[in-house]
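Here's the structure, in structure tokens; my notes come after.
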Amino acid sequence: MLSRFGKTLSLTVLLGVALVQSAAVTADPKTPLNQENKVEAILADKNPPAAQQKAPEPVVASNAKFTTSGIFDQDSVVKLAKQLADKPYVAPDESLPDSLKNLTQEQYKDIRFRPDAAIWKNQNLPYQLQLFHRGFYFKQLVELALVRGNQASHLAYNPDYFETGKSVTQPLPQGDIGYSGFRLHYPLNRKDYFDELLVFQGATYFRALGKGNNYGVSARGLALRTADPMGEEFPFFKAFWIEEPHDDSNLLVIHALLDSPSVTGAYRFSVRPGDNTQIDVEATLFPRVDLDKVGLAPGTSMYMHSLNGRQNTDDFRPEVHDSDGLLMLNGRSERLWRPLANPKTLQISAFMDNAPQGFGLIQRQRNYSAYQDLRTPYQTHPSLWVEPVGNWGQGSVILTEIPTQSEIHDNIVVFWRPIEPIRAGSQYRFAYRLSWGEEPAVKPGTVTVARTASGRADISKPTAKRLFVIDYQLNDGKRPAVMPVPKVQSSSGSVDNVEIRENPHNGGYRLTFQFDPKDAQVAELRAELQFDAAAGVDAAAPGKVETWLYRWSR
């Protein structure tokens, strides 16, 4: 049953960057994005009714430029991307029949895919495929093809796949106008029910769910010039080839063709649903120009406030966020935790590394009591963890935090930027695994940051000094008899009154300290817990104790 359309269309333009978050549907999943906006997707009820009629036959006439029917192999999209890179860029086709040109948001929501017409619905396969109509903010034409064996078949637009409500007064077009994206359903939470699992719609945005999750964080195929004064460039997945799944496997493979003024690319997504849904991504880029402001494996999320950063917050909920921290496992196997912030001005942080092992936007707070929201179950929103495959070399994890006063805005972006530009005319391959669900498991005895809170340091009167409270969790291990020694540093201002004590409520520790910014406008804070080897926790062992990082800004 549809729970609500609790988020409305909005647009924030900041330094040429448009990042907007959308409406929630069916237990408040957030909807897909176009290249500038997330808008309310037109999703049918999550519990589709049994088929009442025969699924429509595909339209024979085809206007396909890329997904033409014929032989298809693992190199087909790579060859297309290379050919496309050698030609001048052509903008996506946004031309629409008159009946679709000026659809309102209400009318677009009133064009719904018929669940009984889902692709593979009556074939006893583990997946079902549904399609998104074009219109409103989703005007770009997306071509689709189904692949069976080594044969691709163009999936032409068919108006009979859709049903319309009263607000749509004109009939749907009859020609092959394409689609705006698609979604996949899979029995993720129980065997007799096909849950929505994965959505591709708008630019190169996509999002997936692990078991028990509701939509939150999004991924992208590629980021270009994010937070750049020239404005962000949004590549576009203009064509998809979806391999027919097998009845004895939960693997589903999707191929995609990327295009933009600066680069083309061939992507292969290998999807395996589960407690943590995993998507293996293999990409080949063909730059038309030097890519010196590129972001690989980008993730996009929302952070409004938590117990850290509630100044000037007028909200009945203690916390509001899709993700509360950036987790990094660097090339030296150090675990770094950076709580997210909602700053007053746009901020960009770069964490230099060599051969990173992983990074991602994490939803660490999993208790309903932290959010107190009956409409949007933030405690069920997935974490998104990126594991590079092979050696990604030198570069930086880039974190962009954009000010927002509303949860409808996606204001957090993270990605990997290589230290060297990707040169025009080259062929650049990379691969990584995305995990949607819980954050990466840690070894027993690992000490991690459970919670960050801050407030004024003097409860009797206003003060510029800040009190920071960091709770640490000892994961599946016995607390050592000897207390750790805290080490707190700041790039500006001063730190004093550093204290560490046992936390009887979580079996870990609480670190507190006061920070005086003095005249600083920005300060980088760092906190570590150092254990004596005799305490049974080897502080020198990489990854055993999480390092806390934080950017304070005035």
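Counting from 3, one number per residue, gives the positions in the sequence shown under this note's numbering.
Beta carbons are placed, not taken as given, at the ideal position from N, Cα and C, and that holds for glycine.
Pair within 8 Å by beta-carbon distance, residue i and residue j
i, j, result
"Leu363", "Val444", "no"
"Tyr163", "Arg116", "yes"
"Trp550", "Trp339", "yes"
"Thr286", "Val80", "yes"
"Asn508", "Asp473", "yes"
"Ser220", "Thr315", "no"
"Ala225", "Pro300", "yes"
"Leu531", "Val547", "yes"
"Asp2", "His383", "As displayed, the chain neither begins before 3 nor continues past 556, which places residue 2 out of reach and without an answer."
"Ser351", "Arg553", "yes"
"Phe134", "Ser182", "yes"
"Glu557", "Lys89", "One cannot answer for residue 557 here, as it falls past the ends of the chain, which runs 3 to 556."
"Asp355", "Arg319", "no"
"Trp387", "Val399", "no"
"Ala205", "Arg290", "no"
"Phe288", "Gln203", "no"
"Ser169", "Gln109", "yes"
Simplified DSSP assignment, three categories, for residue i
i, result
"Ala455", "strand"
"Arg553", "strand"
"Ala120", "coil"
"Ala372", "helix"
"Pro161", "helix"
"Gln381", "helix"
"Phe208", "strand"
"Thr402", "strand"
"Met354", "strand"
"Gly395", "coil"
"Ile421", "coil"
"Gly223", "coil"
"Asp197", "strand"
"Thr366", "A small correction: the amino acid at residue 366 is Arg; Thr does not occupy that position in the sequence shown. Correct three-state label for Arg366: coil."
"Leu527", "strand"
"Gln532", "strand"
"Gly360", "strand"
"Glu235", "strand"
"Val547", "strand"
"Ala522", "coil"
"Gly137", "strand"
"Gln203", "strand"
"Thr166", "strand"
"Thr450", "strand"
"Val416", "strand"
"Arg192", "coil"
"Gln68", "Here residue 68 turns out to be Phe, not Gln, going by the sequence shown. Note: Phe68 maps to coil in three-state DSSP."
First through last residue of the beta strand (DSSP E) which encompasses residue i
i, result
"Gln280", "Thr279 to Pro289"
"Glu389", "Ser385 to Val391"
"Glu504", "Ser496 to Asn505"
"His257", "Leu254 to Asp261"
"Tyr511", "Gly510 to Asp518"
"His156", "Gln153 to His156"
"His187", "Gly183 to Tyr188"
"Phe242", "Phe238 to Glu245"
"Ile179", "Note, Ile179: premise wrong, no beta strand (DSSP E); not H, not E."
"Trp131", "The residue you asked about is not Trp; residue 131 is Leu in the sequence shown. Its beta strand (DSSP E) spans residues Gln130 to Phe134."
"Phe432", "Tyr430 to Gly439"
"Phe145", "Reading off the sequence, residue 145 comes out as Glu, not Phe. Looking at the DSSP string, the run of the beta strand (DSSP E) that includes Glu145 is Glu145 to Arg150."
"Phe271", "Val265 to Arg274"
Residue interval of the alpha helix (DSSP H) (run including residue i)
i, result
"Glu409", "Here Glu409 belongs to no alpha helix (DSSP H), and DSSP marks it neither H nor E."
"Glu108", "Gln107 to Lys111"
Just checking, does the segment 98-116 make contact with the segment 169-176 on the three C-beta pairs under 8 Å criterion? yes
Where in the segment 292-350 do unbroken runs of the beta strand (DSSP E), each at least 3 residues long, occur, reported from the N-terminal end onward? 296-303, 305-307, 327-331 and 337-341
Taking three-plus beta-carbon pairs below 8 Å as touching, is the segment 458-465 in contact with the segment 395-408? no
Give the list of continuous beta strand (DSSP E) stretches no shorter than 3 residues that lie fully inside the segment 71-103. none
Assess contact between the segment 268-285 and the segment 424-440, defined as three or more Cβ pairs (one per stretch) separated by less than 8 Å. Is contact present? yes
Between the segment 178-194 and the segment 355-362, do three or more beta carbon pairs fall short of 8 Å? no
Any contact of the segment 264-279 with the segment 367-379, i.e. 3+ C-beta pairs under 8 Å? no
Say whether the segment 287-299 touches the segment 444-457, bearing in mind that this needs 3 or more beta-carbon pairs closer than 8 Å, one atom from each stretch. no
Given 8 Å, three or more beta-carbon pairs between the segment 513-527 and the segment 487-495: yes
Okay, do the segment 116-130 and the segment 64-71 touch, 3+ Cβ pairs below 8 Å being the bar? no
How do the segment 476-483 and the segment 327-334 stand: do at least 3 beta-carbon pairs fall below 8 Å, yes or no? no
Please give me, in chain order, every unbroken run of the beta strand (DSSP E) with length at least 3 that falls completely inside the segment 461-498. 468-476 and 487-492
On the three-pair Cβ rule with 8 Å, is the segment 515-522 touching the segment 303-313? no
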